[in-house]
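Counted from 1, the sequence shown has number 17 at position 18 by numbering that gives the first Met the number 0; the numbering is strictly sequential.
The structure appears below as structure tokens.
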Amino acid sequence: MKLAGTRRRRPLRWLVVVALLCATIGAGAMFLESQMIYFPTRYPDGLWALEDVTRHSGCTLEDCFFSTDDGFRLHGWWCRPTHAEGVTADVVLLWFHGNAGNLSHRADLMLRLAKTPAQVFIVDYRGYGRSEGRPSEEGLYRDGQAAWRYLSGERRVAPERIVLFGDSLGAAVAVDLATRVEAAGIIVQSGFTSVPDMAAAHFPFVPRALIRTKMDSLSKIQKVSCPKLFIHSPEDEVVPYELGRRLYEAASEPKRFLDVPGASHNDTDVVGGHRYFDAIGSFLAQCRARAEGRTRG
């Protein structure tokens with residue numbers, strides 16, 4: 000009887016061991032997942048003195064602070080260009096940056112985007128730069144919504160003047176936000192279909208079931224009705240070009256895709272040069288004209 004009882008308990012023990020092992024592997028995978036997706040750099044790393052950032056640029060820069068609906072204080076920069084007489088920058092680019100660094104590391108591109116012409120409002124997610132908290136998928140979506148509320152509410156920017164701009168990780172935030180608000184348009188740069196698709200491209204041995212972060216832009220982009228500009232390099236070594244094309248193909252009209260051959264993931268604007276900025280400028284003009292037409296109508 001004693002031996003039989005021991006035999007009956009052994010399978011149960013093995014089940015417990017297997018369950019604990021699976022839980023450990025799952026917890027480890029979740030930890031590694033967060034470490035691979037988010038690479039925040041906190042203040043004071045970077046260039047933060049506003050006068051140093053904008054020197055000789057013809058732009059003014061403002062520190063902005065606002066809160067999320069779950070109580071975190073976020074930081075952003077509002078860049079306004081000074082243009083020649085007759086040239087206006089009435090469109091505001093709401094910019095959600097990539098997964099590494101902080102907004103101060105995007106200062107050069109911010110100043111160049113301001114010449115398209117546009118005002119640029121770039122936001123640091125929770126856990127980045129001077130923003131409180133720790134990043135997560137749901138947290139980033141809340142951050143995007145908080146930035147929109149700040150612009151359209153506290154700062155009284157009309158929604159038809161706000162164009163969303165999402166780069167890499169930020170593309171997922173911008174696409175999610177575009178399903179919730181009526182923006183003038185959206186620019187998706189180096190966007191991906193979903194995090195599981197990204198993981199499959201880089202780590203095919205990782206089971207999709209273990210990946211908690213979804214960022215399912217592929218299903219969301221189908222719900223976005225505003226004009227769309229997609230920008231991607233066929234040589235992007237981080238976000239596969241094929242994922243960007245799939246995202247574009249799933250989107251409804253009006254839409255445009257700009258190829259930037261020869262660019263890596265982090266120098267699309269540099270390699271694209273005038274062609275890159277002209278495409279953005281034309282898209283902003285299209286969004287502006289569309290908004291004016293609706294207003295007159």
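For each residue, glycine too, the CB sits at the ideal point set by N, CA and C.
It should be emphasised that the depicted structure is a prediction, and the values quoted were computed from it without experimental measurement.
Which of helix, strand or coil DSSP assigns to residue i
i	result
residue 101	coil
residue 254	strand
residue 110	helix
residue 62	strand
residue 39	strand
residue 125	coil
residue 179	coil
residue 260	coil
residue 283	helix
residue 30	The pLDDT assigned to residue 30 is 46, lower than 50, so where the model puts this residue is not dependable; a value taken from the coordinates is nonetheless given after this. It is helical.
residue 75	strand
residue 242	helix
residue 120	strand
residue 272	helix
residue 52	helix
residue 91	strand
residue 292	helix
residue 174	helix
residue 205	coil
residue 187	strand
Cutoff 6 Å; reference residue i; Cβ partners in own chain excluding five residues on either side
i	result
residue 229	187, 247, 256
residue 191	197, 238, 242
residue 205	198
residue 59	79
residue 287	90
residue 126	39, 132, 133, 134
residue 113	58, 78, 80, 119
residue 174	216, 219, 220
residue 42	128, 129
residue 158	151, 181
Buried/exposed call for residue i, threshold 16 Cβ in 10 Å
i	result
residue 115	buried
residue 213	exposed
residue 73	buried
residue 222	exposed
residue 154	exposed
residue 46	exposed
residue 130	buried
residue 81	exposed
residue 203	exposed
residue 284	exposed
residue 292	exposed
residue 271	buried
residue 51	exposed
residue 274	exposed
residue 268	buried
7 Å Cβ shell around residue i - same chain, five flanking residues per side excluded
i	result
residue 215	193
residue 97	166, 167, 168, 169
residue 245	192, 217
residue 56	110
residue 141	67, 68, 69
Own chain, CB closer than 8 Å to residue i, minus 5 neighbours either side, in chain order
i	result
residue 234	240, 260, 261, 262, 263
residue 195	207, 210, 213
residue 258	231, 232, 233
residue 150	91, 93, 120, 156, 161
The ligand GTP heavy atom lying under 7 Å from the CB of residue i
i	result
residue 43	Looking for the ligand GTP in the displayed structure turns up nothing, as the structure carries no ligands at all.
Any alpha helix (DSSP H) of 4 or more consecutive residues that is wholly inside the stretch 207 to 235: 216 to 220
Ordered list of alpha helix (DSSP H) runs contained in the stretch 135 to 171, each at least 4 residues: 136 to 148
Touching by the beta-carbon criterion (3+ pairs, under 8 Å), the stretch 118 to 129 and the stretch 88 to 97: yes
Three-pair Cβ contact test at 8 Å for the stretch 133 to 148 versus the stretch 52 to 70: yes
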